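Each remark here refers to the structure printed beneath this line.
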Amino acid sequence: MRKDCLITDEQAKAAIELFDKGHGYAATATKLDVHKPTLKLLHDRWLVRGTISVMEPHQPRRIPAETKIATAKRYLDGEHKVVLAQELGLASSRTVVDWAKKYRDECDSLKWPHLEQK
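Start counting the sequence shown at 1; every next residue gets the next number (the UniProt record's numbering).
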């Protein structure tokens with residue numbers, strides 16, 4: 001785990017074992033006496049990346065704006081954020097939610113207007 005994480009490697013490993021057994025992040029946080037929002041982020045990464053790779057650092061990469069827009073539209077049309085994140089090999093489904101928010105809030109005026117005209 002990164003040095004700035006709010007949980008230890010041992011807590012993260014214990015949490016992942018509980019996720020594998022079917023426990024949700026809230027029950028796991030209570031059982032391990034860990035801050036729920038911290039485990040929610042770990043649980044999200046576990047859903048997207050799986051048990052083995054969640055403990056490994058994710059290598060960031062550039063994703064074209066066209067792909068971000070298409071993914072944001074699919075999410076806003078009802079596709080599940082975890083499935084979309086898995087398709088793109090993202091570290092977390094939170095990225096999909098962030099793209100959708102940006103698309104919804106800014107597409108018409110600021111960041112991606114030139115791509116909408118295609």
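Beta carbons: idealized from backbone N, C-alpha and C, even for Gly. Keep in mind it's a predicted model, so treat the numbers as computed, not measured.
Legend entry - Any 3 or more C-beta pairs closer than 8 Å across the segment 14–26 and the segment 62–69: no
Inset, instruction - Give the DSSP-derived three-state secondary structure of V34 in the structure shown. - result: Against the sequence shown, residue 34 aligns to sequence position 34. The answer is coil: DSSP assigns V34 none of H, G, I, E or B.
Legend entry - Through-space distance from T95 to D9, alpha-carbon basis: Residue mapping note: residue 9 aligns to position 9 of the sequence shown, counting from 1. Residue mapping note: residue 95 aligns to position 95 of the sequence shown, counting from 1. Each residue's Cα considered, the two are about 24 Å apart.
Legend entry - Nearest to D98 (by Cα), restricted to the options E79, Y75 and G89: For the purposes of this step, residue 98 is taken as residue 98 along the sequence shown, with counting starting at 1. Of the candidates E79, Y75 and G89, the one whose C-alpha sits nearest the C-alpha of D98 is Y75.
Legend entry - Proximity below 8 Å, CB of L47 to CB of A12: Against the sequence shown, residue 47 aligns to sequence position 47. Against the sequence shown, residue 12 aligns to sequence position 12. No.
Legend entry - CA nearest to the CA of K68, picked from A15, K21, D44 and R104: Within the sequence shown, residue 68 is the residue found at index 68, counting from 1. Ranking the options by Cα distance to K68, first place goes to R104.
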